[in-house]
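Residue numbers (the working numbering), protein chains in the order written: chain A, 423 to 532; chain B, 605 to 718.
Where a beta carbon is used, it is the ideal one built from N, C-alpha and C, also for glycine.
So the structure is just underneath, and the comments pick up after that.
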């Protein structure tokens, strides 16, 4: 099955700096790559997604890039704010299955 | 705003007892997922439904876990008997279809087995 690797597991940045989280996937048939933010005690919420026919997508301070050849995709958060502190998960869909990485705990310090 | 509803939010049960979780997906969503999330890890798929049919249950421990979605709407996940290692967050998600459509998650049920 699909294997999604996510790095780093923890990330600490100062407010205003950028944060980058990287994921790799194993199945070249994967065609949809969402990113989720999970706050303590809550379910994951989608923050941005990208399809396999697109190389980059941006939504305000958040952007995702996809390199199909290398089978990796990244989340970029610019001008980080304390409220960005949470656990972020990448995922890859192949067929009907949606497989998640192990998560990155992001801490933004004032 | 439409949401995926899950109940209960929290459940404490003794090992060897039976426990059940309920999920009501967003109206019109044909695909329903049950995930298990162990503290500090990503969600792991247990079972996936398309309407009332099971699409994938390869990671469901079938000796103790069962899931149903009889009318293709709400769903129940059952564990019998519960074991200490089953302590986790159980998340339900739904999407309109698979493919490119977004999966929306519920708040989850936090299970503690004592």
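At which residues does the beta strand (DSSP E) containing residue i begin and terminate?
{"i": "residue 511 (chain A)", "result": "508 to 516"}
{"i": "residue 503 (chain A)", "result": "Unbroken run through residue 503 (chain A): none, as it is neither H nor E."}
{"i": "residue 521 (chain A)", "result": "519 to 522"}
{"i": "residue 427 (chain A)", "result": "426 to 429"}
{"i": "residue 470 (chain A)", "result": "467 to 473"}
{"i": "residue 636 (chain B)", "result": "635 to 641"}
{"i": "residue 481 (chain A)", "result": "478 to 481"}
{"i": "residue 628 (chain B)", "result": "623 to 628"}
Distance cutoff 8 Å, beta carbons only. Does residue i sit that close to anything in chain A?
{"i": "residue 629 (chain B)", "result": "no"}
{"i": "residue 612 (chain B)", "result": "no"}
{"i": "residue 635 (chain B)", "result": "yes"}
{"i": "residue 621 (chain B)", "result": "no"}
{"i": "residue 649 (chain B)", "result": "yes"}
{"i": "residue 706 (chain B)", "result": "yes"}
{"i": "residue 667 (chain B)", "result": "no"}
{"i": "residue 684 (chain B)", "result": "no"}
{"i": "residue 646 (chain B)", "result": "yes"}
{"i": "residue 710 (chain B)", "result": "yes"}
Going straight from the alpha carbon of residue i to that of residue j, what length do you get?
{"i": "residue 681 (chain B)", "j": "residue 513 (chain A)", "result": "23 Å"}
{"i": "residue 468 (chain A)", "j": "residue 458 (chain A)", "result": "4 Å"}
{"i": "residue 678 (chain B)", "j": "residue 640 (chain B)", "result": "18 Å"}
{"i": "residue 614 (chain B)", "j": "residue 715 (chain B)", "result": "6 Å"}
{"i": "residue 442 (chain A)", "j": "residue 466 (chain A)", "result": "19 Å"}
{"i": "residue 718 (chain B)", "j": "residue 688 (chain B)", "result": "6 Å"}
{"i": "residue 658 (chain B)", "j": "residue 652 (chain B)", "result": "6 Å"}
{"i": "residue 572 (chain B)", "j": "residue 606 (chain B)", "result": "Given that chain B is displayed from residue 605 to residue 718, the structure contains no residue 572 (chain B) and the question cannot be resolved."}
{"i": "residue 528 (chain A)", "j": "residue 430 (chain A)", "result": "9 Å"}
{"i": "residue 650 (chain B)", "j": "residue 471 (chain A)", "result": "23 Å"}
Can you check whether the C-beta of residue i is within less than 8 Å of a C-beta belonging to chain B?
{"i": "residue 523 (chain A)", "result": "yes"}
{"i": "residue 465 (chain A)", "result": "yes"}
{"i": "residue 518 (chain A)", "result": "yes"}
{"i": "residue 471 (chain A)", "result": "yes"}
{"i": "residue 433 (chain A)", "result": "no"}
- Counting only runs of 3+ residues fully inside the stretch 660 to 705 of chain B, write out the beta strand (DSSP E) ranges in chain order. 669 to 672, 679 to 683, 692 to 699
- Query: Going along the chain, which residues of the stretch 446 to 458 of chain A sit with their C-beta nearer than 8 Å to a C-beta in chain B?
  - Reply: 453, 454, 456, 458
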